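Each remark here refers to the structure printed beneath this line.
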Amino acid sequence: MNLTELPGAELIFPGLKDLHNGKTDTVGALLVAIASTRLTAAGLDVPKEHLVPEPELALYARLQAERDDAYPYYNALLNSLNSFCNALELNYQYEKSQ
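Counting from 95, one number per residue, gives the positions in the sequence shown under this note's numbering.
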């Protein structure tokens, strides 16, 4: 399966690229930081040296500075992140069993 087809991949893969390039403050990079343990366990290469502390707070602060409706957008982003992680973990388990 092509991992770019997983739900939420449009946020996660640019975030991984940002982190590999040293950008830590993008929405995608912060989402990756939030789920770095799950993403690493499921086989993705997450550069730990570029993760910000307390990424949940950093993401919310960034969204709050950019928009009036930060809370629902924050929740929607976390739901997308969770969907991606769940699908990635299922794919990883399937690949291991083959």
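Even glycine gets a Cβ: it sits at the ideal position worked out from N, Cα and C. Given the structure is predicted, the values throughout are model-derived calculations rather than measurements.
Exercise for the section: Reducing DSSP to helix, strand and coil, say where Pro149 ends up. Expected result: helix
Mind checking which residues open and close the alpha helix (DSSP H) that includes Leu110? Ala103 to His114
- request: Would you kindly check if the distance between the Cβ of Val121 and the Cβ of Leu153 is under 8 Å?
  value: yes
**Message:** For a test of the three-state rule: what should DSSP assign to Lys117, helix, strand or coil?
**Reply:** coil
Can Leu124 and Phe178 be called in contact, C-beta distance under 8 Å? no
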